[in-house]
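Student: At position 160 of the sequence shown the residue is numbered 159 (numbering that gives the first Met the number 0), and the sequence of numbers has no breaks.
Cβ atoms here follow ideal geometry from the backbone N, Cα and C, with glycine treated the same way.
If you scroll down you'll find the structure; I have some questions about it.
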Amino acid sequence: MSELHRHLMLGTVLAAALLPVPVLAAGSEDFGYCRDDITTGWNFYCDPEKEEPAPDQPAEAPAAPAAPAAPEKPKSYTEQIEEFRKELDEIKYRAVLEPTPENLQDYMEAQQRMSGMASAFTDQWQRVLFKSPALDINTRFPMSQMGGAVYQDQIRVARETSLKEAADNLGFMVVVEDSAICGLCTPQLEVIKRMQANFGIEPIVVTVDGSFHPLFPEAVVDTGQLKKLGLLEHPRPFIALVEPQAGIVEPLGGGLLTEDVILERVHVVTKIPAGERY
Numbered sequence: 000m001s002e003l004h005r006h007l008m009l010g011t012v013l014a015a016a017l018l019p020v021p022v023l024a025a026g027s028e029d030f031g032y033c034r035d036d037i038t039t040g041w042n043f044y045c046d047p048e049k050e051e052p053a054p055d056q057p058a059e060a061p062a063a064p065a066a067p068a069a070p071e072k073p074k075s076y077t078e079q080i081e082e083f084r085k086e087l088d089e090i091k092y093r094a095v096l097e098p099t100p101e102n103l104q105d106y107m108e109a110q111q112r113m114s115g116m117a118s119a120f121t122d123q124w125q126r127v128l129f130k131s132p133a134l135d136i137n138t139r140f141p142m143s144q145m146g147g148a149v150y151q152d153q154i155r156v157a158r159e160t161s162l163k164e165a166a167d168n169l170g171f172m173v174v175v176e177d178s179a180i181c182g183l184c185t186p187q188l189e190v191i192k193r194m195q196a197n198f199g200i201e202p203i204v205v206t207v208d209g210s211f212h213p214l215f216p217e218a219v220v221d222t223g224q225l226k227k228l229g230l231l232e233h234p235r236p237f238i239a240l241v242e243p244q245a246g247i248v249e250p251l252g253g254g255l256l257t258e259d260v261i262l263e264r265v266h267v268v269t270k271i272p273a274g275e276r277y
């Protein structure tokens with residue numbers, strides 16, 4: 000190749016090199032660049048695809064510190080005694096259903112423990128009574144034989160006095176009917192007759208049906224008084240303290256009442272306010 004020809008070729012190459020190169024816009028992908036599988040490796044000047052930013056994830060709240068365990072509530076005395084009772088029942092029933100020497104011994108030992116607890120309770124109970132006479136029933140109702148005899152004498156005097164006062168201020172009424180109908184009427188009149196002799200009371204004997212009773216031949220026949228007093232429907236025999244003028248009626252009860260019962264009931268209704276008997 001001649002020197003002239005070499006210079007021409009070099010000039011042509013230089014001229015081509017100096018020609019302006021078109022600048023690729025950001026959207027050059029539309030012209031096929033950066034998408035051609037063959038030329039992708041050569042188009043290193045293409046911008047890589049931008050990854051979409053991940054949406055913000057809410058920050059996890061820090062775990063709350065574990066609350067301290069609440070202290071175990073102590074068992075009440077009721078719960079404790081219920082547990083003891085259930086345990087004792089279980090031991091007993093096991094010994095009954097499986098009466099082996101071991102099971103029987105367990106039950107006997109459990110019984111002994113329970114007896115010990117009862118003994119300690121009884122001992123303390125008595126000691127408290129020694130220090131607190133107001134709690135001791137013995138101050139009102141003597142428990143000894145001697146004290147009981149004295150108390151019974153005193154209460155009998157009080158009851159007899161109450162009976163006499165009631166008989167003086169109120170009518171001591173005994174309601175009866177024919178003994179063929181009322182099998183308890185004659186025995187009741189026998190009790191009243193003895194009390195008449197012992198205490199000097201004058202009972203008012205009233206017959207509902209006009210029947211005759213030898214112990215009280217002067218008995219009054221009811222002519223409507225019992226209905227006015229509200230006593231007509233009571234079963235016979237029947238005893239009541241009454242004062243017709245003032246309308247006072249204090250029933251003592253029906254059926255066969257003994258002397259002691261009559262004395263007690265008269266004393267209760269005339270001397271002891273309701274709620275203070277015991």
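#1: Is the stretch 233-248 close to the stretch 173-189, with three or more CB pairs under 8 Å?
#2: From what residue to what residue does the alpha helix (DSSP H) around LEU103 run?
#3: Got a sec, what are the start and stop residues for the alpha helix (DSSP H) LEU162 sits in?
#4: Just the C-alpha distance for LEU228 and VAL248, rounded to the nearest angstrom, thanks.
#5: Could you tell me the alpha carbon to alpha carbon distance between VAL241 and PHE171, rounded to whole angstroms?
#6: Roughly how many whole angstroms lie between the Cα atoms of LEU188 and THR206?
#7: May I ask you to report which of helix, strand or coil DSSP gives LEU231?
#8: Do LEU162 and ILE200 have their beta-carbon atoms positioned less than 9 Å apart in this structure?
#9: Spell out the partners DSSP gives ILE238 in its beta bridges.
#10: How many angstroms separate the CA atom of LEU231 from the CA atom of ALA273?
#11: If you follow the beta strand (DSSP E) that THR206 is in, where does it begin and where does it stop?
#12: With a 10 Å radius around its C-beta and 16 neighbouring C-beta atoms as the bar for buried, classify MET116 as buried or exposed.
#13: Would you call the CB atoms of ALA157 and PHE198 closer than 9 Å?
#14: Between the beta-carbon of VAL268 and the beta-carbon of LEU255, is there less than 9 Å?
#15: For VAL190, write down the residues that DSSP places opposite it in a beta bridge.
#16: Less than 9 Å between the beta carbons of VAL190 and GLU263, yes or no?
#17: By DSSP, does ILE80 sit in helix, in strand, or in coil?
#18: Give the DSSP bridge partners of VAL265, in chain order.
#19: Grouping DSSP H, G and I as helix and E and B as strand, with all else coil, what is GLU28?
#20: Mind checking if ARG112 is an interface residue toward chain B, Cβ cutoff 9 Å exclusive?
#21: From MET282 to GLY146, what distance separates their C-alpha atoms?
#22: Once the 5 residues before and after HIS279 are set aside, which same chain residues still bring their CB inside 6 Å of it?
#23: When we look at the beta-carbon of VAL22 and count the other beta-carbons within 10 Å, is it buried (16 or more) or exposed?
#24: Excluding the 5 residues preceding and the 5 following ARG155 in the sequence, name in chain order all residues of the same chain whose CB lies nearer than 8 Å to its CB.
#25: What is the DSSP secondary structure of ILE247, reduced to helix, strand or coil?
#26: Check this for me: beta carbons of ALA109 and GLU86, under 9 Å apart or not?
Tutor: By the coordinates alone:
#1: Touching, yes, given that three or more Cβ pairs across the two stretches are closer than 8 Å.
#2: Taken as a continuous stretch (DSSP letters only), the alpha helix (DSSP H) holding LEU103 covers 100-130.
#3: That run of the alpha helix (DSSP H) goes 144-168.
#4: Those two C-alpha atoms are separated by around 7 Å.
#5: Rounded to whole angstroms, VAL241 to PHE171 spans 7 Å at the Cα level.
#6: The straight-line gap from Cα to Cα measures roughly 12 Å.
#7: Reduced to three states, the DSSP call for LEU231 is coil.
#8: At the C-beta level, ILE200 and LEU162 come within 9 Å of one another.
#9: DSSP output for ILE238 lists VAL173 and GLY252 as bridge partner(s).
#10: Taking the straight line from one Cα to the other gives about 26 Å.
#11: Element bounds for THR206: 203-206.
#12: MET116 should be labelled exposed.
#13: Taking the C-beta atoms as reference points, PHE198 is found no nearer than 9 Å to ALA157.
#14: No, the pair does not count as a contact, with Cβ atoms beyond the cut-off.
#15: Paired residue(s): none; VAL190 is not in a bridge.
#16: No, these two residues do not count as a Cβ contact at 9 Å.
#17: Collapsing the DSSP output to three states places ILE80 in a helix.
#18: Paired residues: none, contrary to the question.
#19: Interpretation of GLU28 is limited by its pLDDT of 48, a score under 50 that renders its predicted location unreliable; no figure is taken from the coordinates.
#20: Included in the structure is just one protein chain, with no chain B present.
#21: The question about residue 282 has no answer here: the residues shown for the chain are numbered 0 through 277.
#22: Limits of the chain in this structure are 0 at one end and 277 at the other, which puts residue 279 out of reach.
#23: Because the pLDDT at VAL22 is just 46, under 50, the model does not fix this residue reliably, and the value given afterwards should be weighed accordingly. VAL22 is exposed by the Cβ-count criterion.
#24: Excluding five sequence positions before and after ARG155, the CB atoms of its chain that fall closer than 8 Å to its own CB belong to LEU262, given in chain order.
#25: Three-state DSSP puts ILE247 in a strand.
#26: In terms of Cβ geometry, ALA109 and GLU86 form a close pair [threshold 9 Å].
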